[in-house]
Amino acid sequence: MTALNRVPSLMVRAGTASAFAIAAVGGSVVVPGVAADAAAATPATKALKVAASKKGSPYRYGATGPRRFDCSGLTLYSFKKAGKKLPRTAAQQYNKTRHIGSGSRKAGDLVFFHSGSSVYHVGIYAGKGKIWHAPKTGDVVRLQKIWTKSVWYGRVK
């Protein structure tokens, strides 16, 4: 008898069982695009989750967490929690990443906003054209659509 056959009928709907129901009877669920276990998650994925967990934290210039952040402070904190070391400022972080094109970007990559050759802001790419970032004084850590084409992408080594 399979685990699915032992799932109580209240937890089965239209011939499928919820992940909760399968887990409750000791089964396992495979979800496309999701790591099978926490150890398989990359530092970039972990950093992205850390940044998302800071949603609503107030912006403060020069702050590196855990309760307040500026833009590069959020990326520094998030990657530190994921086991990677980054320098302090957005420009320094850009110089320490592997530069990639927009077609190669993945969730967890860093997004650097620039004016000419000067980097002035950084966030963590969340997918679908959005970033987690600490925008500016008076704002909070949030998910936002990338608002300009003047961005470069970097992958933390």
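Be aware that the sequence shown starts at 856, since it is given in the numbering used here, and climbs by one per residue. For glycine and all other residues, C-beta sits at the position ideal for the given N, C-alpha and C.
Neighbourhood of residue i by C-beta distance below 7 Å, restricted to the same chain and skipping five residues each side
{"i": "residue 945", "result": "926, 927, 967, 974, 975, 976 and 977"}
{"i": "residue 912", "result": "922, 923, 924, 995 and 996"}
{"i": "residue 937", "result": "898, 901, 902 and 905"}
{"i": "residue 953", "result": "1009, 1010 and 1012"}
{"i": "residue 916", "result": "925 and 992"}
Backbone secondary structure at residue i - three-state DSSP
{"i": "residue 908", "result": "helix"}
{"i": "residue 990", "result": "coil"}
{"i": "residue 949", "result": "helix"}
{"i": "residue 941", "result": "coil"}
{"i": "residue 958", "result": "helix"}
{"i": "residue 928", "result": "helix"}
{"i": "residue 1004", "result": "coil"}
{"i": "residue 918", "result": "coil"}
{"i": "residue 899", "result": "helix"}
Whole-angstrom distance between residue j and residue i, CA atom to CA atom
{"i": "residue 942", "j": "residue 948", "result": "6 Å"}
{"i": "residue 965", "j": "residue 920", "result": "18 Å"}
{"i": "residue 918", "j": "residue 934", "result": "15 Å"}
{"i": "residue 940", "j": "residue 929", "result": "13 Å"}
{"i": "residue 960", "j": "residue 951", "result": "16 Å"}
{"i": "residue 993", "j": "residue 1001", "result": "19 Å"}
{"i": "residue 963", "j": "residue 989", "result": "15 Å"}
{"i": "residue 957", "j": "residue 998", "result": "19 Å"}
{"i": "residue 1003", "j": "residue 972", "result": "15 Å"}
Own chain, CB closer than 6 Å to residue i, minus 5 neighbours either side, in chain order
{"i": "residue 955", "result": "1008 and 1010"}
{"i": "residue 932", "result": "919 and 920"}
Whole-Å CB distance - residue i paired with residue j, under 8 Å assumed
{"i": "residue 991", "j": "residue 914", "result": "6 Å"}
Beta-carbon proximity list for residue i, same chain, < 8 Å, skipping 5 on both sides
{"i": "residue 1027", "result": "Since the first residue shown for the chain is 856 and the last is 1012, residue 1027 is missing from the structure and cannot be characterised."}
* Asked: Is it true that the region 899–916 meets the region 961–981, where meeting means three or more beta-carbon pairs spaced less than 8 Å apart?
  -> Proximity of the region 899–916 to the region 961–981 meets the contact definition, three or more beta-carbon pairs being nearer than 8 Å.
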